[in-house]
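Below is one structure, written out as structure tokens; comments come after it.
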Amino acid sequence: MRKIISGLSAEENTDLLEQQRQERYMEAAREKTAALAARLHRTPTCHVTNFGCQMNAKDAEKLLGILLSAGFEETQDEAADFLIYNTCTVRDNADQRVFGRLGRVSHYRKNNPDMKIALCGCMMQEDLNVEKVLKSYPFVDLIFGTHNLFRFPEYLAQVLDSGERIVDIWKKTDRIVESLPSERKYSFKSGVNITFGCDNFCSYCIVPYVRGRERSRKPEEILGEIRALSESGVKEIMLLGQNVNSYGRGLDEPCTFAELIDRAAKIDGIRRIRFMTPHPKDFSDELIEVIKRNENIARHVHLPLQSGSTQILKQMNRKYTKEQYLALAEKIRTRLPDAAITTDIIVGFPGETDRDVDDTIDVIRRVHFDNAYTFIYSKRTGTPAARMEDPATEEEKKDRFSRVLKCVQQSAKERALLLQGKVMTGLVEEVNTQSPGKVTARLSDNMIVHIDGDESMIGKFYPIRLDICCGFYYFGETAGEEIV
Ligand code: SF4
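The opening position of the sequence shown corresponds to residue 2 in the numbering used here, with each subsequent residue numbered one higher.
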């Protein structure tokens, strides 16, 4: 096994020089890929499997972009010449899915001795996972973490060259190297990272430990990236961060999230802006006003609740009470009446009782959420919650989860029904693979609607009548020409 020591001299220690350094490794990776192609008598293939959140999806676009730029060709088959799993560790079942997949990968490797296998992402920031991979999956060629993804060109060149295993995990970084190749999944929409890491330390969450402390990109860099995306045909952007609305801390020139999104909304050609994920404690009045006065900021606020019980929120270190959350949601409903409010809810947090769950259900009813992602608490080793007493049985947790889910589904259905018969603007995103002859569009409030159409409509806005409500989504029809 070979371990890279990632030290740079002091004068090399700038993001720009690091970028130039990686560009040189890109050249080397191209040469190695060309040599592999000559040996195989075909273009080598690559596949990136992504697990987890929008930020991971954005990282997966960079990994794929680097592989394509090096000369690989994408395949949908995991039995590729270069396979990467970009892992997630937010819930235990995400870890298990990766280990399950690795079991299968060993067979691909036996059939293709030239195959290279890489693991990266949040799971690799945890020592126990890396040890398990090193011990049980000796065919994995490359392991790196979240802080040094920008060094992938370097690892790629070296792994193609030497064939030796490379393991390089950084515990932290203050680096932001964002201009390496990226292969966007959609030509008309794109995520844009604005912050990395998180300082909130919610007691159940592993993210601050695997993604590090919060760092904000400079506003000029973000706005420059959005301008370039707009010039390349992107119409919708999503500002990404673990806690987007705490954006700006530590910047030399102060800039709040509200100021940033206000400036982004004014960039020519950007017709819709989304953001993910805000934290209720940082949701300012200024932000609500900026959303209100910019029609191209999506009418969708995802406001993670996690629990409706003030006692449990305290244990979770969420830094708001039930009453504060309700007051904020009320303010958003009043100031932005056309916005959907969606949320995340955890059921089964250590110490949660039936009364705490009643509080959660009370909040669901009072906010009248448009949708919610509901999860059963998953213990993450190394977090404070993992050490808390948890007297509830699995049976009790499942019952409580069913109660919450039923209430969420009822709320979502009632909210969706309010739109029936309305004509709203939808951006067509993809061909509907389940229903031939249909495409899927997304409304500003994040509602999905399936309409008759074909590939030529992808990336275009249409007025769409919402005919048949199916709970979380609609069947509809275009009610006019493309909106240009
Ligand atoms: S805000 Fe809380 S839940 Fe979200 S990433 Fe940070 S620590 Fe995790």
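Glycine included, C-beta positions come from ideal geometry on N, C-alpha and C.
Item to complete: Kindly indicate which residue of N130, N201, L329 and V440 has the alpha-carbon position closest to the one of N318.
Response: The residue labelled residue 318 in the question sits at position 317 within the sequence shown. Measuring from the Cα of N318, the nearest candidate turns out to be N201.
Worksheet entry | the segment 86-98 contacting the segment 262-282, beta-carbon criterion three pairs below 8 Å | no
Worksheet item: So I67 is in the beta strand (DSSP E); what residue range does that whole segment cover?
Response: The count along the sequence shown starts at 1 and reaches residue 67 at position 66. Element bounds for I67: not the beta strand (DSSP E) but the alpha helix (DSSP H), Q55 to A71.
Worksheet item: Hey, quick one: how far does the beta strand (DSSP E) through V235 stretch, first residue to last?
Response: If you number the sequence shown from 1, residue 235 lands on position 234. First-last for V235: undefined, no H or E at that position.
Item to complete: Please go through the segment 340-406 and give each complete beta strand (DSSP E) segment of 3 or more residues, from N-terminal end onward.
Response: 341-348 and 372-377
Worksheet item: From which residue to which residue does the beta strand (DSSP E) around V432 run?
Response: Locating residue 432 in the sequence shown gives position 431, where the first residue counts as 1. From DSSP, the beta strand (DSSP E) with V432 extends over V424 to V432.
Worksheet item: Thinking just about the alpha-carbon of each residue, which of L261, D359 and L150 is nearest to the one in I170?
Response: As a position in the sequence shown, residue 170 is number 169, starting the count at 1. Answer by Cα proximity: L150.
Worksheet entry | Cβ-heavy atom distance, H280 to the ligand SF4, below 8 Å | For this step, residue 280 is matched to residue 279 along the sequence shown. Correct: H280 has its Cβ closer than 8 Å to the ligand SF4.
Item to complete: Over the uninterrupted beta strand (DSSP E) stretch that includes E478, give me the two end residues.
Response: As a first step, residue 478 is located in the sequence shown; it is residue number 477 there, counting from the start. Here the beta strand (DSSP E) through E478 covers Y474 to T479.
Worksheet item: the ligand SF4 heavy atoms versus the CB of Q243: any closer than 8 Å?
Response: In the sequence shown, the residue the question calls residue 243 occupies position 242. At least one heavy atom of the ligand SF4 is nearer than 8 Å to the Cβ of Q243, so yes.
Discussion item. Based on DSSP bridge pairs, tell me the residues matched to A38.
Written reply: Counting from 1 along the sequence shown, the entry for residue 38 is found at position 37. Paired residues: none, contrary to the question.
Worksheet item: How would you label C123, buried or exposed, when you count the other beta carbons within 10 angstroms and need 16 or more for buried?
Response: Counted from its first residue, the sequence shown places residue 123 at position 122. Flag for C123 reads buried.
Worksheet item: So, are the CB atoms of L157 and K59 less than 9 Å apart?
Response: Taking the first residue of the sequence shown as position 1, residue 157 is located at position 156. Taking the first residue of the sequence shown as position 1, residue 59 is located at position 58. No; because the gap between Cβ atoms is not below 9 Å, this pair is not in contact.
Discussion item. Just to confirm the assignment, what range does the alpha helix (DSSP H) spanning D96 have?
Written reply: As a first step, residue 96 is located in the sequence shown; it is residue number 95 there, counting from the start. Here the alpha helix (DSSP H) through D96 covers D93 to N112.
Item to complete: Confirm the yes/no value for this check: CB of V348, any heavy atom of the ligand SF4, distance under 8 Å.
Response: Counting from 1 along the sequence shown, the entry for residue 348 is found at position 347. V348 Cβ: outside cutoff for every heavy atom of the ligand SF4.
Fill in: C-alpha distance - P1 paired with C54, whole-angstrom precision
For residue 1 there is no data in the structure shown, the boundaries of the chain being 2 and 485.
Item to complete: Would you list, in sequence order, the uninterrupted beta strand (DSSP E) runs of no fewer than 3 residues that lie entirely inside the segment 226-294?
Response: 237-241 and 273-277
Item to complete: Answer with buried or exposed for V485, where buried requires no fewer than 16 other C-beta atoms within 10 angstroms of its C-beta.
Response: As a first step, residue 485 must be located in the sequence shown, where it is residue number 484. By the neighbour-count rule (16 or more Cβ atoms within 10 Å), V485 is not buried but exposed.
Item to complete: Look at the alpha carbon of P203 and the alpha carbon of P385, and state the distance between them as a whole number of angstroms.
Response: Counting from one through the sequence shown, the residue named residue 203 turns up at place 202. Counting from one through the sequence shown, the residue named residue 385 turns up at place 384. Reading off the sequence shown, one finds Cys at residue 203, where the question assumed Pro. Going from the Cα of C203 to the Cα of P385 covers about 9 Å.
Discussion item. As a quick exercise: from L337, N244 and I313, pick the residue whose alpha carbon is nearest that of E290.
Written reply: For the purposes of this step, residue 290 is taken as the residue at position 289 of the sequence shown. Closest option to E290, Cα to Cα, is L337.
Worksheet item: Which term fits T15, buried or exposed, when burial requires 16 or more other beta carbons within 10 angstroms of its beta carbon?
Response: Taking the sequence shown and counting its residues from 1, the one referred to as residue 15 is at position 14. Exposed.
Fill in: Alpha carbon of L467 to alpha carbon of K186, nearest angstrom
For the purposes of this step, residue 467 is taken as the residue at position 466 of the sequence shown. For the purposes of this step, residue 186 is taken as the residue at position 185 of the sequence shown. Cα to Cα, L467 sits roughly 27 Å from K186.
Item to complete: Over the uninterrupted alpha helix (DSSP H) stretch that includes I118, give me the two end residues.
Response: In the sequence shown, counting from the first residue as 1, residue 118 sits at position 117. Looking at the DSSP string, I118 is not in any alpha helix (DSSP H); the run it does join, the beta strand (DSSP E), is K117 to G122.
Item to complete: Measuring alpha carbon to alpha carbon, tell me which of K414, E132, F197 and V160 ends up nearest A29.
Response: For this step, residue 29 is matched to residue 28 along the sequence shown. Ranking the options by Cα distance to A29, first place goes to V160.
Worksheet item: From what residue to what residue does the alpha helix (DSSP H) around Y210 run?
Response: Working through the sequence shown from its first residue, we reach residue 210 at position 209. Y210 -> alpha helix (DSSP H) spans V208 to R212.
Worksheet item: Quick one: does the C-beta of V208 sit closer than 8 Å to a heavy atom of the ligand SF4?
Response: Mapped onto the sequence shown, residue 208 falls at position 207. Yes, Cβ of V208 sits closer than 8 Å to a heavy atom of the ligand SF4.
Practice prompt. Confirm the yes/no value for this check: CB of N57, any heavy atom of the ligand SF4, distance under 8 Å.
Written response: Mapped onto the sequence shown, residue 57 falls at position 56. Not so, every heavy atom of the ligand SF4 lies at least 8 Å from the Cβ.
Discussion item. Which residues does DSSP list as the beta-bridge partners of G192?
Written reply: Looking up residue 192 in the sequence shown gives position 191. Note: G192 sits in a beta bridge opposite M239.
Worksheet item: Helix, strand or coil: how does DSSP classify Q307 here?
Response: Start at 1 with the first residue of the sequence shown, and residue 307 comes out as number 306. In this structure, Q307 counts as strand in the three-state DSSP scheme.
Item to complete: Mind the definition here: the segment 404-418 touches the segment 426-436 only if three or more C-beta pairs lie below 8 Å; say whether that holds.
Response: no
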